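Going by my numbering, the letters in the sequence shown line up with residues 197 to 451, in that order.
For every residue, glycine included, the Cβ atom is placed at its ideal position computed from N, Cα and C.
Predicted model, so just to flag it, every value in this text is computed and none were measured.
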Amino acid sequence: MHLSNRSQQLQPSATMKISAQAKQMVADGIDVINLSIGEPDFETPDNIKQAAIAAINDGHASFYTPAAGLPQLRAAIADRTAADYQLTGLTGKNVAVTTGAKMALYSVFQTILDPGDEVLLPEPYWVSYAEQIKLAGGVPVTIPVGDSFKVTPADLEAKLTDKTRAFLLNSPENPTGVIYDQAELQTLKDWTDAHDLMVVTDDIYGQLTYNGASFTSIAQLTDALDPNIIIISGASKTYSMTGWRMGYVVADAAW
Ligand SMILES: Cc1ncc(COP(=O)(O)O)c(C=O)c1O
197 MHLSNRSQQL
207 QPSATMKISA
217 QAKQMVADGI
227 DVINLSIGEP
237 DFETPDNIKQ
247 AAIAAINDGH
257 ASFYTPAAGL
267 PQLRAAIADR
277 TAADYQLTGL
287 TGKNVAVTTG
297 AKMALYSVFQ
307 TILDPGDEVL
317 LPEPYWVSYA
327 EQIKLAGGVP
337 VTIPVGDSFK
347 VTPADLEAKL
357 TDKTRAFLLN
367 SPENPTGVIY
377 DQAELQTLKD
387 WTDAHDLMVV
397 TDDIYGQLTY
407 NGASFTSIAQ
417 LTDALDPNII
427 IISGASKTYS
437 MTGWRMGYVV
447 ADAAW
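Right, here's the structure in full:
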């Protein structure tokens, strides 16, 4: 079989590989704690399951939906995001529903990157970012973070070139668990604003905070969603729906 140069450049997902191995070890009766993939340890809540079963029985799942998702769902996500993030002016037109946040990220990179465009990526990072950026013809520019596990404007500045297009921010971060506070986010935003860069903020773990920590998104620093900020999120982690594949993009561009 002929494989394209593009696909030959890709690395398999290390976390998926380790997870499959851990699941096999459990199946073999070995006592392991699987810390590989970000998967909640509870079942999807029953009200969600029952609503989905009712929707299927009522014929809502049989036919194509609009490509960006059901209008009612898009509107509900817009309302929820507006309330959680205190953002004005969001409607369903700002939302696209995707098959998981992974697909949301893939679609965003395909949409915003031209060949050779660079994306600043604090390292360590969730493994799929780099491969998705490469698939879109972009270049992941990794930035090793220090002991604080947090990237600073000075770190970003050191990797800035005239090809830099975007900064990928993930907070709470996978794998370190780091959460940026509002003041840190403001310094990062001031820097990206100064260079007119896009920020892709992967907020998928925003509802999973512990020990009194609280989550603020870089998208919350303005009253209305900044046109240079793209929010990625989804149902996978918050509602333990990793198998359902439901993610979304919230962006200024209406489609
Ligand atoms: C940081 C991060 N973003 C996105 C995803 C993808 O989420 P989904 O299952 O909704 O595709 C994951 C999954 O582990 C993740 O850890």
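- Rounded to the nearest angstrom, the Cβ distance from Leu-393 to Phe-363 is 6 angstroms, consistent with a contact under 8 angstroms.
- By the criterion of a C-beta distance shorter than 7 angstroms, Val-222 is surrounded in its chain by Val-228, once the five residues flanking it on both sides are discounted.
- A distance of 8 angstroms or more separates the beta carbons of Val-395 and Val-291.
- Not one heavy atom of ligand 1 lies closer than 7 angstroms to the C-beta of Asn-230.
- Fewer than three pairs of CB atoms, one per stretch, sit closer than 8 angstroms, so the segment 328–344 makes no contact with the segment 377–393.
- Under DSSP, Ile-428 takes part in a beta bridge, and its partners are Asp-398 and Val-445.
- Distances between the C-beta of Ala-250 and the heavy atoms of ligand 1 are all 7 angstroms or more.
- The continuous alpha helix (DSSP H) containing Pro-349 extends over residues 349–354.
- Selection Val-323, Gln-403, Pro-267 and Ala-279 evaluated against Ser-209 yields Val-323 as nearest (Cα-Cα).
- At least 8 angstroms separates the beta-carbon of Thr-295 from that of Tyr-444.
- Judged by DSSP in its simplified three-state form, Ile-233 adopts coil rather than helix or strand.
- Where Asn-366 is concerned, the enclosing beta strand (DSSP E) starts and stops at 360–366.
- Annotation: the continuous alpha helix (DSSP H) that includes Val-304 extends over 296–308.
- Here Val-222 carries a helix assignment [DSSP, helix/strand/coil].
- Annotation: Gly-234 to Tyr-325 spans about 15 angstroms, alpha carbon to alpha carbon.
- For Pro-318, the pairing in a beta bridge is given by DSSP as Ile-339.
- Check the Cα spacing between Ile-414 and each of Ala-354, Ser-203, Ile-426 and Gly-408: the tightest is with Ile-426.
- Within the model, the alpha-carbon separation for Ser-432 versus Asn-253 is close to 23 angstroms.
- DSSP, read as helix, strand or coil, puts Thr-412 in coil.
- Counting C-beta pairs with one atom in each stretch, the segment 198–215 and the segment 231–250 have three or more that are closer than 8 angstroms, which means they touch.
- Pairing Leu-286 with Ala-272 gives a Cβ-Cβ distance that is not under 8 angstroms.
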